[in-house]
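Chains as they are written, first to last, in this note's numbering: chain E, 1 to 523; chain U, 1 to 523. Glycine is no exception: its CB is placed at the ideal position from the N, C-alpha and C atoms. Here's the structure, in structure tokens; my notes come after.
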């Protein structure tokens, strides 16, 4: 990743040199302050919001006309957020928020020093009104539904802000800006915009590029004049979280061509460089997030996140989070498990259990083969933990969908996989995936391992970058405008690619030279 | 007055050509609208207010994406006020308001045709909280005082708006802009800004140059996104009403030098041309508004507004408003009366009654000479209407103050009176003054009569102009920045000039060659 240049802030605190009023200079309070700001910024245009105007005379006098101004820049105009007495602690803060449909993550950033002071997360309380996006869109259509979806989120966010301010002993008013990235529906719900048409033909959002909005305009308890930057979207299915991801990856600041992939229920893929960007998204199936297997679950204590199988003894070694007794398996553990099963030849290239390799671990339950991963006596649930033939098929469909999407988009732009210089993996889930395992099952292309760069929560990182830097803020709109969105046509060609990818690692073994199950030799 | 060029509007309604959404073009609703506005205006920047964004998708669909947009321009950006279906009556309206301390005058302007559709006025309900500005400033300092002063005014204005809309069968939402001119205190109270420091050293307002404010931000019941242009002020004592007056007079669009005078309790005087402007204000005394004489009153039915005296018989002929029985005299009538008394030599150049000319009309009441203007049998009050020696002295002080202010400012800029090409008289009161009488008593300089141009309510006219025209709106800020404000120092020089002016017409008769009382010949 290229080094990000020292950011030029678009929210800042500046010391002002204000001449107190006298009979010789009867300039009004607001105009006097504006003049000092113009002087300090070498700017022609300064704007002061109406509610602020009402409070200024008293406060300027209280501080004896010795004040710092907190400003933000928009459309080339500096806008006053607040004034503070210069003696007060000088730091101002911003909040970057990743508005996820299940988890909301906040980052408290000291905008004076650019130090991240805290990072916290909470479950999105909208889950009560629907675990998935579609249910929430339908809930929003009920009487008062949209308001409720917005209110629970804003209230929970306000609670978090209050908590953060208390914890770090800062005033709510010193939180002078916020940025929020999320998928298109989530940012719509944050702003209280009706998501009705997002899921209905021709699938258009209310807005692609929101302007800065005052937090107080939608109930946010930060400084009332603080601007909120809500990330733009490309459309209903390509949201600001991905634009934040592209920003965070730095791929648009490089000549080399990179992939950015967000692995989840929806596989979201971007390819491009500083000159062009193409994106597409397709259903990869919930298997990748561990959502459908018998023992699948979200990462948490006791969840299997790493698996190793001895190719000689076929002994399965597992690692669980916090070393608790195993209770289930998460997506990255599942990818590991299936990769290891394949390398140990306990499954074949179609994913079918090989009885001669699995031995006593294999059980038939309701006519379906299950492999015992954790025996009863070691289980944390009091039950066997098994992986069924159907679970494997689900994972194979998901990984095949992912690989097919990657192939389709690289075919469309006519870039061979080997020309990809970086393969950025976005999202917390993606960070846990072992690329060796993912390559082994043929989910991602067989590129040199250093090509794979897990970036963690890029939605949050991008939000933080855009909050701190004028260039980064500008860049997200450039990124948005630059993206060509590729509609995935599930046509015969796609289905052919998909069929070929439904093997481990692939029907075309030459695409995965590094994958060699035990006892096999490459041709 | 120069012809005002065809105004370029800064509030306008435009027909849009919006492509309805389709699978081929999934641009969001707001961005789709913004794109169409940009195209129609050839503009790079278009802004849509947050509350408007919420309502747009439903309305765009309701109107089948065939809409007109109403826009206003600020800081080079076009802002959306509202959208209307194109079938609806196309006209949009604006409200120009003269916010007077005693009377508020409104003008309903059709912004599509620039036709003035109505003009109405009402008593400023703040009078209940104080007849004069100073009392209101003190009232504002009481708990809840400022809110009350603002609320009564806004509520009364809203009532008027409702009435106007009903009368002309227009929707409130089609009133898409407002401009308001008034003195500095009045515009502060309109906006709910604390006038506390206006009357306290060093006498500074909260704001000199308010930005456009949405009417909904301070409770105004016009279109919620309609901009309100509140006229700027030069300081506590030189308000937006006078800037509106300068705009309306056209004096800043001429090479010739003009005076603009607003005659009232405070005499407000501006001198200048297209290159420079100097202004000052001074107490002229309430006599000019008919406020102090025994029989003085505001213009109204039965009030004497015109007086003629036969120089041979000394018979006094009066005219009353609506030809009712006389009940009192207004300012313009008083100026007429004193001028006629002087021309008939019933008073001398000091204003003293001349018993030999006044004859039986003169009565001594409480040791003070009174001239009977209306005998008992003709009076509408059941009492004699008289003018006392003290009344005359009061008027002389007022007219002397006015003349001294005019002399002082013309001396300061070193422009002889005879170089004044236009003498604009602002204000409704000023329109009723007969310039011949005003010259006769030495209140205004002895210039050719065609020099005197009464303009009526220039505060309202200027407000209307700035609402209709981008150039005029810009001009008020240029005027504001151009004005040099002359602080009147009541020093020895001023007192000398004042003393010389306390004669009718003046100690220096050569200044008033046209004034010749009966039986006198010019030297």
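Three-state secondary structure (DSSP) of residue i
i              : result
residue 359(E) : helix
residue 1(E)   : Because the pLDDT at residue 1(E) is just 47, under 50, the model does not fix this residue reliably, and the point stays unresolved.
residue 51(E)  : helix
residue 523(U) : Bear in mind that a pLDDT of 40 at residue 523(U), under 50, signals an unreliable position, so the model cannot answer this.
residue 12(U)  : strand
residue 76(E)  : coil
residue 432(U) : helix
residue 107(E) : strand
residue 178(E) : strand
residue 342(U) : helix
residue 515(E) : coil
residue 298(E) : coil
residue 440(E) : helix
residue 454(U) : strand
residue 68(E)  : strand
residue 249(E) : helix
Within 8 Å, strictly: CB atoms of residue i and residue j
i              : j              : result
residue 97(E)  : residue 463(E) : yes
residue 95(E)  : residue 178(E) : yes
residue 211(E) : residue 47(U)  : yes
residue 103(U) : residue 124(U) : yes
residue 150(U) : residue 136(U) : no
residue 239(E) : residue 320(E) : no
residue 307(E) : residue 381(E) : no
residue 111(U) : residue 93(U)  : yes
residue 526(E) : residue 257(E) : There is simply no residue 526(E) to check, as chain E begins at 1 and stops at 523 in what is shown.
residue 423(U) : residue 453(U) : yes
residue 479(U) : residue 204(U) : no
residue 30(E)  : residue 53(E)  : yes
residue 279(E) : residue 267(E) : no
residue 504(E) : residue 331(E) : no
residue 445(U) : residue 417(U) : yes
residue 354(E) : residue 345(E) : yes
Chain-ordered chain U contacts of residue i [CB-CB under 7 Å]
i             : result
residue 28(E) : 204, 205, 206, 207, 208
residue 54(E) : 192, 193
Per-residue contacts from residue i into chain E (C-beta, under 7 Å)
i              : result
residue 217(U) : 50
residue 525(U) : No answer is possible for residue 525(U): the residues shown for chain U start at 1 and end at 523.
residue 197(U) : 57
Beta carbon proximity, residue i to chain E, threshold 8 Å
i              : result
residue 31(U)  : yes
residue 17(U)  : no
residue 211(U) : yes
residue 524(U) : It is not possible to answer for residue 524(U), since the shown part of chain U is limited to 1 through 523.
Chain-ordered neighbours of residue i on chain E, where CB pairs are closer than 9 Å
i             : result
residue 75(U) : 45, 47, 75, 76, 77
Beta carbon proximity, residue i to chain U, threshold 8 Å
i              : result
residue 192(E) : yes
residue 235(E) : yes
Cross-chain neighbours of residue i in chain E, by beta carbon under 8 Å
i             : result
residue 23(U) : 201, 202, 203
Contact the stretch 299-312 of chain U vs the stretch 484-502 of chain U: 3+ CB pairs below 8 Å: no
Inter-stretch contact at 8 Å, needing at least 3 Cβ pairs: the stretch 65-74 of chain E / the stretch 435-447 of chain E: no
At least 3 beta-carbon pairs within less than 8 Å: the stretch 38-53 of chain E vs the stretch 12-30 of chain E: yes
Cβ pair count under 8 Å reaching 3, the stretch 79-87 of chain U against the stretch 160-169 of chain U: no
Three or more C-beta pairs below 8 Å linking the stretch 203-210 of chain E and the stretch 227-238 of chain E: yes
Inter-stretch contact at 8 Å, needing at least 3 Cβ pairs: the stretch 369-376 of chain E / the stretch 304-321 of chain E: yes
Segment contact flag, the stretch 348-368 of chain U with the stretch 398-408 of chain U, C-beta cutoff 8 Å, min 3 pairs: no
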